[in-house]
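Participant:
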Amino acid sequence: MVIKYQNKLNIPITELEQSAFCQDGSNFRTKTLEEEFKSGVRWQKIPTRYLKLSPEEIKTSIKEIKKSLGEKVIILGHHYQREDVIEFSDLQGDSYLLSKLASETKDAEIIVFCGVHFMAETAEILSSSKQKVILPNMAAGCSMADMASSNDVIRSWKQINDMLPSKSSKKSVIPVTYMNSAASIKSLCGENNGIVCTSSNANQAFEWAYQRGERILFIPDQHLGRNTAVNYGIDKSEMVIWDPYKPNGGLTKEELENTKIILWKGHCSVHTRFSVEQINKAKKDYPDVNILVHPECTNEVVSEADYVGSTEYIKNMVHNAPAGSSWAIGTEINLVKRLAHTYKDKNVFCLDEMICPCSTMYRVHPAYLLWVLEGLVAGYVINQIQVEDEVQKYSKLSLQRMLDLPNK
Ligand code: SF4
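So in the working numbering the end of the sequence shown lands on 422, straight run, no missing numbers.
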């Protein structure tokens, strides 16, 4: 039996909730759902009996249920998930690795995706039609993905094409969307000669796009778009920001014509917390420190960093670093804390002294994982992710173009 919930709750942009769990780090641990709800967060409703369960009770129950479900169920865990959830994941990765793993995971009937909504949608698109994908908490969206609504992107795409008609065999604009976007936007890219990319392969996606078009519309993260474009050798004077809340994105036809990349006005509220001041402080405290940041950080931060790369890249850099080395990291705190705990022979710390987890990833409290697993035992599929056939068809195309990019 399938219990149908609205596929995505109509929750407003989560910027305000981003600081709900920020703290000084001394007491960063999972609490009961009832206690976490006191932060004023708006998460998916869950049966009341889960509210008072202690993290220990939840852990014991998940362990037992997981054993009884066996290989029928596979749990994927994004690196930014809290420790009390990641410990139950069979496979861990960033959004790129998990999307590949989802496409290769053929045996499990059910994929429980401990991550955020766009990731579970991608798993649904890439997995086989016999598999079902579950997101434990349907409110676990991504504030960056929410900054590019389907309606805004469709309307903007039409406006841009009206202002910039193709004049040669090369397209005037190629849409490139970051993995962190709704399936409907991946579908728009698939239908309009575009591609999906992640922070692992954005350089290759840009190469692919510029072979086919004069310029790129990059959705939704302006910072990843700008950092990749700078890497590609594009001058900042050839970049413009498209603000969907202004007529024609706030741009004139001339401004659009003189551009090599149109950057959607979106950002990650976690990675834009990092600053040059934090880098300077880390260097003062530890003169031999290596600064390692994610490309969703601002270009000012990326320019001052020693190393820049995806979540998997960050993980591998620390793994391969010599004992005794120091690493100040600009990415989500759950991953940084896990790295610090795993590599105790290295000095690993977060650039930001405040502990600020990604508030939407944080919505996958272990009680939600327990809820959906208990549902499976009882014969219910709670929170199944479904993508319309037409959207599925074209988003698969843009994702496949990404998966076919050469590995560099
Ligand atoms: S870290 Fe940023 S981009 Fe990633 S899920 Fe959270 S809000 Fe979205």
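Where is the CB? At the ideal position from N, CA and C, for every residue including glycine.
Note that the structure is a prediction, hence the values are computed from the model and not measured.
(1) Leaving aside the five residues before and after Asn-334 along the sequence, list all residues of the same chain whose C-beta is less than 8 Å from its C-beta, in chain order.
(2) Could you have a look at Gly-344 and say whether DSSP puts it in helix, strand or coil?
(3) Tell me whether Ser-75 sits in a helix, a strand or coil according to DSSP, three-state version.
(4) Is Ser-143 near the ligand SF4, going by C-beta to nearest heavy atom under 8 Å?
(5) Measure how close the beta-carbons of Met-375 and Gln-106 come, nearest whole angstrom, since I'm counting them as under 8 Å.
(6) Would you call His-379 buried or exposed, if buried means 16 or more other Cβ atoms sit within 10 Å of its Cβ?
(7) If you compare alpha carbons, which of Ala-122, Glu-123, Gly-129 and Ile-174 is closest to Asp-108?
(8) Contact between the segment 188-207 and the segment 231-239 is defined here as three or more beta-carbon pairs at a separation below 8 Å; is this criterion met?
(9) Using beta-carbon positions only, say whether Asn-175 and Ser-164 come within less than 9 Å of one another.
(10) Would you mind working out which of Trp-222, Ile-89, Ser-142 and Ile-209 sits nearest Leu-411, comparing C-alpha positions?
(11) Strictly by DSSP, which residues pair up with Thr-191?
(12) Are there 16 or more other CB atoms within 10 angstroms of the CB of Met-368, so buried, or fewer, so exposed?
(13) Hey, Lys-7 and Ser-409 are a contact pair by Cβ (cut 8 Å); roughly how many whole angstroms apart?
(14) For the ligand SF4, is there a heavy atom less than 8 Å away from the beta-carbon of Glu-310?
(15) Could you check the C-alpha separation between Ser-117 and Leu-384 for me, to the nearest Å?
(16) From the DSSP output, in three-state form, read off Gly-91 for me.
(17) Check each candidate in Ser-103, Asp-257 and Lys-267 and name the one with the smallest Cα separation from Gly-280.
(18) Any chance the CB of Asp-366 is under 8 Å from a heavy atom of the ligand SF4?
(19) How big is the Cα-Cα spacing for Lys-45 and Gly-338?
(20) Note down, in chain order, each residue of its chain lying with its Cβ closer than 6 Å to the Cβ of Asp-104, except the 5 sequence neighbours on either side.
(21) Looking at C-beta atoms only, is the number of pairs between the segment 393-410 and the segment 64-84 that lie closer than 8 Å three or more?
(22) Compare the beta carbon distance of Asn-330 and His-93 with 9 Å and say whether it is the shorter of the two.
(23) Determine the burial state of Thr-312: buried for a count of at least 16 other Cβ atoms within 10 Å of its Cβ, exposed for fewer.
(24) At the level of alpha carbons, what is the spacing between Leu-419 and Tyr-64?
(25) Quick check on the DSSP output: the beta strand (DSSP E) that includes Trp-278 runs from which residue to which?
(26) Is the segment 121-137 close to the segment 243-259, with three or more CB pairs under 8 Å?
(27) When you compare each of Glu-388, Ala-319, Gly-389 and Lys-80 to Leu-365 by their alpha carbons, which one comes out closest?
(28) How about His-285: is its Cβ closer than 8 Å to a heavy atom in the ligand SF4?
(29) For the ligand SF4, I want to know if Val-11 counts as a neighbour, meaning its beta carbon is within less than 8 Å of at least one of the ligand's heavy atoms.
(30) For Tyr-94, verify whether its CB is less than 8 Å away from any heavy atom of the ligand SF4.
Facilitator: The relevant details are as follows:
(1) none
(2) strand
(3) helix
(4) no
(5) That belief does not hold up - the Cβ atoms of Met-375 and Gln-106 are roughly 13 Å apart, past 8 Å.
(6) buried
(7) Gly-129
(8) yes
(9) no
(10) Ile-209
(11) Val-210 and Ile-233
(12) exposed
(13) Because the chain in this structure spans residues 15 to 422, residue 7 falls outside the shown range and cannot be described.
(14) yes
(15) 25 Å
(16) strand
(17) Asp-257
(18) no
(19) 34 Å
(20) Ile-88 and Ile-89
(21) no
(22) no
(23) buried
(24) 44 Å
(25) 275-278
(26) no
(27) Ala-319
(28) yes
(29) For residue 11 there is no data in the structure shown, the boundaries of the chain being 15 and 422.
(30) yes
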